[in-house]
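Quick note, in the working numbering, the sequence shown goes up one by one and the last residue is 255.
Heads up, the beta-carbon is just placed ideally off N, CA and C, and yes, glycines get one too.
Here's the structure, in structure tokens; my notes come after.
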Amino acid sequence: MSTRVLAAGGGEFQPPGTNSVIYPPFVAGITKPMVLLVLSIIIIGVFFWLALRKPSLVPGKTQFAAESTYDFVRNTIGRDMISGKDLRPYLPLLVTVFTFVLVNNVYGFVPFLQLPTMSNPGIPYGIALVVWLVYNAAGMSRHGAFGYLKHQTSPPGVPVGIKPLVIPLEFLSNILVRPLTLSLRLFANMFAGHLVLLVFIMGGEYLLLHGGVLGMVAGPVALVLSIVLMFFELLIQFLQAYIFTMLTANYIGGALEEEH
-4 MSTRVLAAGG GEFQPPGTNS VIYPPFVAGI TKPMVLLVLS IIIIGVFFWL
46 ALRKPSLVPG KTQFAAESTY DFVRNTIGRD MISGKDLRPY LPLLVTVFTF
96 VLVNNVYGFV PFLQLPTMSN PGIPYGIALV VWLVYNAAGM SRHGAFGYLK
146 HQTSPPGVPV GIKPLVIPLE FLSNILVRPL TLSLRLFANM FAGHLVLLVF
196 IMGGEYLLLH GGVLGMVAGP VALVLSIVLM FFELLIQFLQ AYIFTMLTAN
246 YIGGALEEEH
């Protein structure tokens, strides 16, 4: 992450902007976010392989961590959103989504990496597209194509005269807008948190080096606050992984449930 804060021809502070999450290719079209995405797949795969290659009745630390992650997703997220036997086929997806989003978010906390890859909009949009395909396919498999569309767009108990207004709105909300809002929430939080941290880090450096006497006081304060914010951002990173997975489970559960 660059910490250059001086303009080319002067001494004004240049605040970070959208270019802070745009990285040019460094070899053969490969960018830093692409490398981090592949690295996250390797990290998650190796973690679960090491944890479960020789499972024991009394788990070691790695096995305990893997089982705790699985139990957290199943018991805290899955069972609240997807009923009964319907949950099991979708647990691998939910665990994958949770761990994948979490690892890529936590990159923003790791020194020298300091880039939550979910702050690049194309990545959460790609995950949301997969989720969209899964929950719509699940609903159509359960109810049939026509039955699923009716299930999603025509809530029971709505007066017939109002249905011409309700059906298009429900179709727009439940079928078209969901993947956009699902991904936008994750992207916006990671992008905003990344920018806030950059402002404190780069601003603190600028004040310390070029702010005179006042900067000698304000600069270190800003840098200390940036450390505090990093730990707060770590909490946000976990919460966003939880929320994304919870909404994924909620959409799948809603697609599978029977009409009342």
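- Excluding its 5 nearest sequence neighbours in each direction, Asn184 has C-beta neighbours in its own chain below 8 Å: Ile231, Gln235, listed in chain order.
- Taking one beta carbon from each stretch, the stretch 191 to 203 and the stretch 140 to 151 have fewer than 3 pairs nearer than 8 Å; the two do not touch.
- Annotation: Leu171 to Leu177 spans about 11 Å, alpha carbon to alpha carbon.
- Closest option to Pro174, judged by alpha-carbon separation, among Leu251, Gly188, Phe141, Asn131: Asn131.
- By the Cβ test, the stretch 201 to 212 is not in contact with the stretch 129 to 145, since fewer than three Cβ pairs between them sit closer than 8 Å.
- In the three-state reduction of the DSSP assignment, Ile77 falls in the coil class.
- Looking from the CA of Leu229, the closest CA among Leu204, Pro111, Leu144, Lys27 belongs to Pro111.
- Residue state for Val153 is assigned as coil, using DSSP reduced to three classes.
- As summarised for the stretch 86 to 167, the continuous alpha helix (DSSP H) elements at least 4 residues long and confined to that stretch are 86 to 101, 117 to 138, 140 to 148, 158 to 166, given in chain order.
- A direct Cα-to-Cα measurement between Tyr201 and Pro106 gives close to 20 Å.
- Val191 is not bridged by DSSP to any residue.
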